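S.K.: One structure is given below, represented as structure tokens, and several questions about it will come after.
Number of protein chains: 2
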Amino acid sequence: MQLVRLAVDCMGGDQGPAMTLPACKSFLASHPQAHLVLVGRADVLAQAKAWPRCTLVEATEVVEMHDPVELALRRKKDSSMRVAISQLKPDEQGRASADACVSAGNTGALMALSRYLLKTVDGIDRPAIASALPNQTGGSTTVLDLGANVDCSAEHLLQFAVMGSALVAAISEKAAPTVGLLNVGEEVIKGSEVIKQAGELLRAAHAAGQINFHGNVEGNDIFKGTTDIVVCDGFVGNVALKAAEGLAGMIGAQLKAEFGASWLSKLSALAALPVLRRFKHRVDHRRFNGAALLGLRGLVFKSHGSADAFSFECALTRAYEAARHDLLDGVHARVAATLAAAPQ
Amino acid sequence: MQLVRLAVDCMGGDQGPAMTLPACKSFLASHPQAHLVLVGRADVLAQAKAWPRCTLVEATEVVEMHDPVELALRRKKDSSMRVAISQLKPDEQGRASADACVSAGNTGALMALSRYLLKTVDGIDRPAIASALPNQTGGSTTVLDLGANVDCSAEHLLQFAVMGSALVAAISEKAAPTVGLLNVGEEVIKGSEVIKQAGELLRAAHAAGQINFHGNVEGNDIFKGTTDIVVCDGFVGNVALKAAEGLAGMIGAQLKAEFGASWLSKLSALAALPVLRRFKHRVDHRRFNGAALLGLRGLVFKSHGSADAFSFECALTRAYEAARHDLLDGVHARVAATLAAAPQ
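Residue numbers (the numbering used here), protein chains in the order written: chain G, 85 to 428; chain B, 85 to 428.
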């Protein structure tokens with residue numbers, strides 16, 4: 085089996101190399117088929133010199149978390165983020181230096197640089213951000229778009245459905261993952277004009293065998309796991325994701341507060357510790373870190389900026405699995421098939 | 085002090101009178117200043133004949149949970165829901181039979197009937213659904229719209245901000261509650277075109293002293309309690325609310341599953357019981373039941389259809405507090421002041 089090569093922006097994320105490098109080291113140890121292209125400042129990369137299956141690529145600049153997109157795009161031409169994405173560009177012989185790229189940096193900059201350097205797949209107007217969220221079945225629901233596109237047309241939502249299906253088919257090896265259209269009710273007549281039109285396009289694509297469309301779903305279906313994929317515009321997806329994060333944070337804080345409220349409750353927390361640990365593991369969002377930027381001519385994965393090393397390693401694993409299962413070819417093929425069947 | 089009179093649709097909700105009547109009985113016992121106008125079928129109302137501070141009003145029909153809006157509006161002219169809302173209409177002397185109305189019935193029908201029977205306040209195009217959600221400060225965040233309007237203009241979002249301010253000012257007695265505009269980032273340049281325009285209108289209304297506008301907020305701010313009020317279009321609000329409900333359901337189920345997994349974990353649950361009970365109380369969404377339909381010439385409150393008696397009683401209490409604090413006059417006054425100041 086061939087090595088799977090991941091380009092890693094070692095400078096990205098709130099903690100930067102102090103978080104990315106330990107994650108890379110641990111990832112290499114557990115993935116003997118992986119090769120990492122580590123991108124960052126020379127002084128940072130020095131510690132990885134003796135690591136196995138590694139290429140070190142220097143980049144003198146860093147895109148900061150609050151840098152405007154323009155700055156990342158037009159000024160910082162030697163940023164670790166930019167150089168990491170560039171590893172995905174094929175050379176004259178059609179060979180790229182990496183199969184996928186992972187960064188925990190600034191989302192806006194990552195999306196803009198990826199679009200600029202890699203371009204979109206034929207038939208895709210806008211890339212989308214897709215992430216897996218845990219659901220009640222014990223599996224996960226892949227939701228897209230999570231914030232790349234705040235105003236979407238019905239056609240964009242169809243493109244998201246096709247790309248999301250390719251992602252889940254590649255990673256989960258479900259041949260025909262189900263797709264739900266996020267709406268305010270299950271009935272076909274519900275929703276905004278764009279959503280109703282999108283519903284028609286999705287039903288037509290289902291009839292043509294391009295996607296496995298379940299129908300409308302509601303916000304709670306994301307966590308019920310009603311469908312494998314949920315499509316929505318980036319505004320709605322971003323708000324829903326952050327609302328869920330906010331609620332999870334509140335519940336966690338309150339559970340902690342109640343168990344820490346008195347000596348007696350602390351004692352009962354001690355008794356409940358193994359249970360609480362298992363519970364924490366089950367709802368641990370860090371395990372689901374690693375959002376795919378879909379629709380580009382290259383596999384780019386975004387880690388949460390606040391990721392710790394464990395969480396960043398999960399993002400590396402997602403990117404690795406996507407590359408190993410030829411997600412890029414899957415997206416190309418599915419999009420091409422849908423386009424070929426679309427009425428001209 | 086004058087009695088506060090609530091009209092109650094006794095037939096609404098998944099459980100109907102088996103849930104509403106026990107709630108009404110308990111509510112009357114704890115609210116000596118309340119008078120209830122109970123609306124429903126004669127056989128159902130019979131059990132309330134001897135109750136104090138009650139008027140019984142018969143209605144022969146029932147709007148079912150899945151009835152189309154058209155049916156409720158044009159055919160079931162003697163439905164308990166319709167008759168209950170009608171109690172808010174002033175007679176020739178300008179006196180109504182009730183100060184507020186509460187129903188756990190079909191949301192679409194309740195909104196349509198309320199609009200038809202009561203009309204909107206001058207200056208309000210569309211009523212909105214506002215509900216309080218618990219937040220990390222121990223208080224609550226009032227979010228609107230939660231699903232009445234799936235396509236909103238910037239002007240509608242301004243109207244929601246004004247009405248939400250009136251609601252929170254009336255119920256919480258905060259004179260100048262803070263308003264956040266739900267967006268995908270805090271920066272002014274973020275969001276869709278409608279959101280950016282709404283931001284301008286809200287800043288202008290803030291400058292004119294009509295609302296206390298904080299700025300953009302994100303999904304997680306709802307549960308952080310960053311602002312007292314969060315405004316958004318009904319599509320986004322509905323998805324965010326239901327996503328949060330879905331996540332809370334998942335977390336609750338997993339916590340239960342982990343504690344029930346073995347004899348040992350059951351034992352530790354027993355030890356942790358008082359803590360888990362307090363935790364459950366803190367995050368109990370039933371306490372926050374009772375959404376206000378704002379912008380109508382009458383106070384209509386919607387209880388969750390799946391409410392139990394405890395939860396429905398909370399909705400009665402919210403309606404009671406709103407009526408007691410003259411929410412209707414508050415909305416009228418705030419909307420009129422904003423309109424008077426708006427550029428023509």
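Idealized CB from N, CA, C, for every residue including glycine.
Quantities reported herein were computed from a predicted structural model and do not represent experimental measurements.
1) Leaving aside the five residues before and after G/Asn322 along the sequence, list all residues of the same chain whose C-beta is less than 6 Å from its C-beta, in chain order.
2) Does DSSP classify B/Arg179 as helix, strand or coil?
3) Within 10 angstroms of the Cβ of B/His388, are there 16 or more other Cβ atoms? Answer buried if so, exposed if not.
4) Can you pull the chain G neighbours of B/Lys308, defined as C-beta to C-beta under 9 Å?
5) Residues bridged to B/Glu270 by DSSP?
6) If you drop the 5 nearest sequence neighbours on each side, which residues of the same chain put their C-beta closer than 6 Å to that of G/Asp206?
7) Mind checking G/Asn267: buried by the 16 CB within 10 Å criterion, or exposed?
8) Name the one or two DSSP bridge partners that G/Lys386 has.
9) Cα separation between G/Ala121 and B/Arg287?
10) Jot down the residue ranges of each uninterrupted alpha helix (DSSP H) in the segment 131-219 of chain G, minimum 4 residues, whole runs only, in chain order.
11) With respect to the alpha helix (DSSP H) encompassing B/Asn322, which residues constitute its N-terminal and C-terminal limits?
12) Cβ of B/Lys339 less than 8 Å from any chain G Cβ?
13) For B/Ile255, name the three-state secondary structure that DSSP assigns.
14) Using 8 Å as the cut-off, can you tell me whether the segment 95-106 of chain G makes contact with the segment 177-196 of chain G, which would need three or more C-beta pairs spanning the two stretches below that distance?
15) Report all residues from its chain with a CB closer than 7 Å to the CB of B/Ala260; omit the five preceding and five following residues, and keep chain order.
16) So, does the segment 322-335 of chain B touch the segment 243-263 of chain B, judging by three or more C-beta pairs under 8 Å?
17) Give a yes or no on whether 8 Å exceeds the smallest Cβ distance from G/Asn373 to chain B.
18) Is G/Val419 closer than 8 Å to G/Ile213 when the C-beta atoms are compared?
19) Beta-carbon within less than 7 Å of G/Glu397's beta-carbon, same chain only, minus the 5 sequence neighbours each way: which residues are those?
20) Could you tell me the alpha carbon to alpha carbon distance between G/Ala245 and G/Ala184, rounded to whole angstroms?
21) With a cut-off of 8 Å, do at least 3 Cβ pairs link the segment 364-380 of chain G to the segment 213-223 of chain G?
22) By DSSP's criteria, B/Asn296 is part of a beta bridge. Which residues make up the other side?
23) Using the beta-carbon of each residue, which ones in chain G are nearer than 8 Å to B/Asp235?
24) Would you mind stating whether G/Ala353 and G/Phe343 have Cβ atoms separated by less than 8 Å?
25) For G/Asp151 versus G/Ala196, is the C-beta spacing smaller than 8 Å?
26) Rounded to whole angstroms, what is the Cα-Cα separation between G/Phe307 and G/Arg158?
27) Applying a beta-carbon distance threshold of less than 9 Å, which residues of chain B neighbour G/Ala324?
28) By a C-beta neighbour count over all protein chains shown, 10 Å radius and 16 as the cutoff for buried, is G/Lys160 buried or exposed?
29) Which first and last residues belong to the alpha helix (DSSP H) in which G/Val419 is found?
30) Could one say the Cβ of G/Val147 lies closer than 8 Å to chain B's Cβ atoms, at least one of them?
31) Just reading off the alpha helix (DSSP H) that B/His290 is part of, what are its end residues?
32) Between which two residues does the beta strand (DSSP E) carrying B/Asp93 extend?
33) Contact between the segment 131-144 of chain B and the segment 113-120 of chain B is defined here as three or more beta-carbon pairs at a separation below 8 Å; is this criterion met?
34) For B/Asn190, return the contacting residues in chain G, with the cut-off set at a CB-CB distance below 9 Å.
35) When DSSP builds the beta bridges, which residues end up paired with G/Ala118?
36) With which residues is G/Leu354 paired in a DSSP beta bridge?
M.R.: This is what the structure gives:
1) The residues are Leu230 and Gly231.
2) In the three-state DSSP reduction, B/Arg179 falls in the coil class, being neither helix nor strand.
3) Only buried fits B/His388, as 16 or more other CB atoms lie within 10 angstroms of its CB.
4) Contact note: B/Lys308 reaches chain G through Gly330, Gly333 and Met334, using a C-beta cutoff of 9 Å and chain order.
5) In DSSP, B/Glu270 forms no bridge with anything.
6) Within the same chain, G/Asp206 has no close Cβ partners at all.
7) Around the CB of G/Asn267, 16 or more other CB atoms lie within 10 Å, so the residue is classed as buried.
8) G/Lys386 is bridged to G/Ser187 and G/Ala375.
9) For the record, residue 121 of chain G in the displayed sequence is Val; it is not Ala. C-alpha of G/Val121 to C-alpha of B/Arg287: approximately 48 Å in a straight line.
10) Here the runs fully enclosed are 164-170 and 191-202.
11) Unbroken alpha helix (DSSP H) run through B/Asn322: Gly318 to Phe343.
12) With the sequence shown as reference, residue 339 of chain B is identified as Leu, and Lys is not the correct amino acid for it. Proximity of B/Leu339 to chain G, defined by a Cβ-Cβ separation below 8 Å, is satisfied.
13) Here B/Ile255 sits in helix by DSSP.
14) Because the criterion of three Cβ pairs below 8 Å is met, the segment 95-106 of chain G and the segment 177-196 of chain G touch.
15) Contacts found: Asn296.
16) Counting Cβ pairs under 8 Å, fewer than three are found: no touch.
17) The C-beta of G/Asn373 comes no closer than 8 Å to any C-beta of chain B.
18) Taking 8 Å as the cut-off, the Cβ atoms of G/Ile213 and G/Val419 do not count as close.
19) The answer, listed in chain order, is Ala107, Ser110 and Phe111.
20) Taking C-alpha positions only, G/Ala245 is separated from G/Ala184 by approximately 22 Å.
21) These segments touch.
22) DSSP lists B/Thr262 as partners of B/Asn296.
23) By Cβ distance, chain G contributes Ser276 and Glu277.
24) The Cβ atoms of G/Ala353 and G/Phe343 sit closer than 8 Å to each other.
25) Their beta carbons are not under 8 Å apart, which means G/Asp151 does not touch G/Ala196 by this criterion.
26) So the alpha carbons of these two residues sit roughly 40 Å apart.
27) The answer, in chain order, is Gly303, Val320, Val323, Ala324, Lys326, Ala327 and Ala328.
28) Taking a 10 Å sphere around the C-beta of G/Lys160, we find 16 or more other C-beta atoms and assign the residue as buried.
29) Counting along the chain, G/Val419 sits inside the alpha helix (DSSP H) bounded by residues Leu411 to Ala425.
30) It does not; no Cβ of chain B falls within 8 Å.
31) First-last of the alpha helix (DSSP H) with B/His290: Glu277 to Ala291.
32) Where B/Asp93 is concerned, the enclosing beta strand (DSSP E) stretches over Val88 to Asp93.
33) Result yes; three or more Cβ-Cβ pairs closer than 8 Å.
34) None at all; the shortest Cβ gap to chain G is about 12 Å.
35) Its beta-bridge partners are G/Val88.
36) Paired residue(s): none; G/Leu354 is not in a bridge.
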